[in-house]
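Visitor: Got a structure here, written out as structure tokens. Questions coming.
In our numbering, the protein residues as written are 910 to 1331.
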């Protein structure tokens, strides 16, 4: 029995040496920075948003430009019986050039409206970059958690293997109970079942990362680097001010409001008439009445804004667009404030829990197990109490990573909300 206990002590020492430990160096495809860069360069949804922005950016030079002038040719006042150009003094070959001119202010307003529309889609694209970074980090933290969960579980499985052999040996020589054997076997089987679940969730997290980065990475062949807990110094109010200054989508909503205001200005300008200017020149042939002097002419046309009901409805439509965009901005601002406060609370809670697990629960539970192991050696503690103590250590070590990553997830979400790296 003493030899078996010694084996357990060695296994326990190795177990303590690995959980949690400071970083194992890691480079290559599974470095978080590499994954983020890959996602920003290759994510299909983000690339589509970029092309959509470029599409509207290329509309700006097209807006606010005069329509092309019109050039026409014709035969004027030719007799239908002969089609001769020298029989009538009014006959001639006509060349006419005309140009439509919108009412002053319309073209510049159209161009500015197009700029604001492009700014909206630029902000949407920049904001999707932030949201993509958040998604990549969240998927990476899931991968990291299940990586650590598998390693902790596998090390505890090795320790429970020793427990199972110990209880079986004690039972065979009449110094143990069948209940101890069964309890050790059940605990061992439960951990095996957990490895199945963790492997499945690990594979899902890896699939999420592959989808976000548009690649097909296989399982990493080395340890993921250790992650440290996050500490947040800024207050929620400071972070909200950063949000209004840095968040691209906030600026986009301001551009959307301005776009609708310009649409209202255009609707009002539509009550003003557009113009059309033209110039013509008629080439005449010598005829019996005169020597065939050429004619020239100038014309000015005005569009009559007759349908006032349509134009009033356009103004009302634009006003509704302004109100809609302003309320959308209010809702966006309120939701961001809520998300910022929620993320700050999550980070603060994580900070406290990490400290509790690091300095309290984990070392205390390890000491409890060591005391239980010593007590079991001299027969003062039964096996069930010993088994319970090691499972408590196992649960606390897993929970440490869970609460530590809650803080990192909160920070990733917070950075996406405020548009800045903390």
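Just so you know, even glycine gets a beta-carbon here, dropped at the ideal spot from N, CA and C.
In three-state DSSP terms, what is residue 1049?
Guide: It is helical.
Visitor: Which same chain residues, not among the five before or five after residue 1169, have their C-beta less than 7 Å away from its C-beta?
Guide: So the list reads 1227, 1230, 1231 and 1234, once near-sequence residues are dropped.
Visitor: In terms of residues, what are the limits of the alpha helix (DSSP H) holding residue 1292?
Guide: 1292-1327 is the span of the alpha helix (DSSP H), which, as asked, contains residue 1292.
Visitor: Considering only residues of the same chain and omitting the five flanking positions on each side of residue 1320, which have a CB-CB separation below 8 Å?
Guide: Once the five neighbours on either side are set aside, the close Cβ partners of residue 1320 are 1139, 1141, 1252, 1256 and 1331.
Visitor: Restricting to runs no shorter than 4 residues, where is the alpha helix (DSSP H) found entirely within the stretch 1073-1150?
Guide: If we require 4 residues or more, the alpha helix (DSSP H) runs fully inside the stretch 1073-1150 come out as 1087-1122.
Visitor: Between residue 927 and residue 1070, what straight-line distance do the alpha-carbon atoms span, to the nearest angstrom?
Guide: Low confidence applies to residue 927: its pLDDT is 49, below 50, so where it sits in the model is not reliable, and the reading given next is rough at best. If I take the Cα positions, the gap works out to 18 Å.
Visitor: Taking the beta carbon of residue 1202 as the centre, do at least 16 other beta carbons fall within 10 Å, making it buried, or is it exposed?
Guide: It counts as exposed.
Visitor: Judging by CA-CA distance, which residue of 1108, 1001, 960 and 1120 is the nearest neighbour of residue 1031?
Guide: When each option's Cα is compared against that of residue 1031, the closest is 960.
Visitor: Does the Cβ of residue 1324 have 16 or more other Cβ atoms within 10 Å, making it buried, or fewer, making it exposed?
Guide: It is buried - the Cβ of residue 1324 has at least 16 other Cβ atoms within 10 Å.
Visitor: Out of 978, 1310, 1285 and 954, point me to the one whose CA is closest to residue 1039's CA.
Guide: When each option's Cα is compared against that of residue 1039, the closest is 954.
Visitor: What did DSSP end up calling residue 974 once you bin it into helix, strand or coil?
Guide: Coil.
Visitor: Give every residue of the same chain whose Cβ lies closer than 6 Å to the Cβ of residue 1044, excluding the five residues on either side of it in the sequence, and list them in chain order.
Guide: So the qualifying residues of the chain are 1121.
Visitor: Sorted by chain position, which residues of the same chain lie with C-beta nearer than 7 Å to residue 1094's C-beta, five sequence neighbours on each side aside?
Guide: Excluding residues within five positions, the ones whose Cβ falls inside 7 Å are 1073.
Visitor: What separation, rounded to the nearest whole angstrom, lies between the Cα atoms of residue 979 and residue 1008?
Guide: C-alpha separation (whole angstroms): 6 Å.
Visitor: Decide if residue 1076 is buried, meaning its Cβ has at least 16 other Cβ atoms within 10 Å, or exposed.
Guide: So residue 1076 counts as buried.
Visitor: Ignoring anything shorter than 3 residues or poking outside the stretch 1169-1211, list the beta strand (DSSP E) runs there in chain order.
Guide: Listed in chain order, they are 1184-1192 and 1204-1211.
Visitor: Measuring alpha carbon to alpha carbon, tell me which residue in 1328, 1136 and 943 is nearest residue 1123.
Guide: The shortest C-alpha separation from residue 1123 is found at 943.
Visitor: Let me know if residue 1019 comes out buried or exposed under the rule of 16 or more other beta-carbons within 10 Å of its beta-carbon.
Guide: Classification for residue 1019: buried.
Visitor: Can you name the residues that DSSP bridges to residue 945?
Guide: Paired residues: none, contrary to the question.
Visitor: Output the distance between the C-alpha atoms of residue 1143 and residue 1260, rounded to the nearest integer angstrom.
Guide: Answer to the nearest angstrom: the Cα atoms are 14 Å apart.
Visitor: Based on DSSP bridge pairs, tell me the residues matched to residue 982.
Guide: In DSSP, residue 982 forms a bridge with 1004.
Visitor: Count the other C-beta atoms from every protein chain shown that fall within 10 angstroms of the C-beta of residue 851, then say buried if there are 16 or more, exposed otherwise.
Guide: Outside the shown range of the chain, which is 910 to 1331, sits residue 851, and nothing can be said about it.
Visitor: Just tell me which of 1100, 1035, 946 and 1286 has its CA closest to the CA of residue 1079.
Guide: The shortest C-alpha separation from residue 1079 is found at 1286.
Visitor: Return the CA-CA distance between residue 1294 and residue 1271, expressed in angstroms with no decimal places.
Guide: Cα to Cα, residue 1294 sits roughly 17 Å from residue 1271.
Visitor: Give me whichever residues DSSP pairs with residue 1009 in a beta bridge.
Guide: Answer by DSSP bridge pairing, in chain order: 1185.
Visitor: Among the residues of its own chain, which have a CB less than 6 Å from the CB of residue 999, if the five just before and after it don't count?
Guide: 986.
Visitor: Using 8 Å as the threshold, is the stretch 1109-1116 in touch with the stretch 1047-1058, meaning 3 or more CB pairs across them?
Guide: Verdict: yes, contact present.
Visitor: Closer than 6 Å by C-beta to residue 1329: which residues in its own chain qualify, once you throw out the five before and the five after it? Chain order, please.
Guide: Within the same chain, residue 1329 has close Cβ partners 1151 and 1155.
Visitor: Out of curiosity, what's the CA-to-CA distance linking residue 1223 and residue 1318?
Guide: One C-alpha to the other measures close to 46 Å.
Visitor: From residue 1268 to residue 1163, what does the alpha carbon distance come to, in whole angstroms?
Guide: Whole-angstrom Cα-Cα distance: 48 Å.
Visitor: Between which residues of its own chain and residue 1029 is the CB-CB distance below 7 Å, once the five residues before and five after are set aside?
Guide: Answer for residue 1029: 1161, 1164, 1165 and 1168, listed in chain order.
Visitor: Is residue 1159 helix, strand or coil when you go by DSSP?
Guide: Three-state result, residue 1159: helix.
Visitor: Would residue 1128 be called buried (16 or more neighbouring beta carbons within 10 Å of its own) or exposed?
Guide: With fewer than 16 Cβ atoms within 10 Å of its Cβ, residue 1128 is classed as exposed.
Visitor: Quick one: give me the first and last residue of the alpha helix (DSSP H) that residue 1271 is part of.
Guide: Note, residue 1271: alpha helix (DSSP H), 1271-1286.
Visitor: Could you tell me the alpha carbon to alpha carbon distance between residue 1133 and residue 1067, rounded to whole angstroms?
Guide: Distance between the alpha carbons of residue 1133 and residue 1067: 21 Å.
Visitor: May I have the straight-line CA-CA distance separating residue 1209 from residue 949, to the nearest angstrom?
Guide: Roughly 55 Å between the two C-alpha positions.
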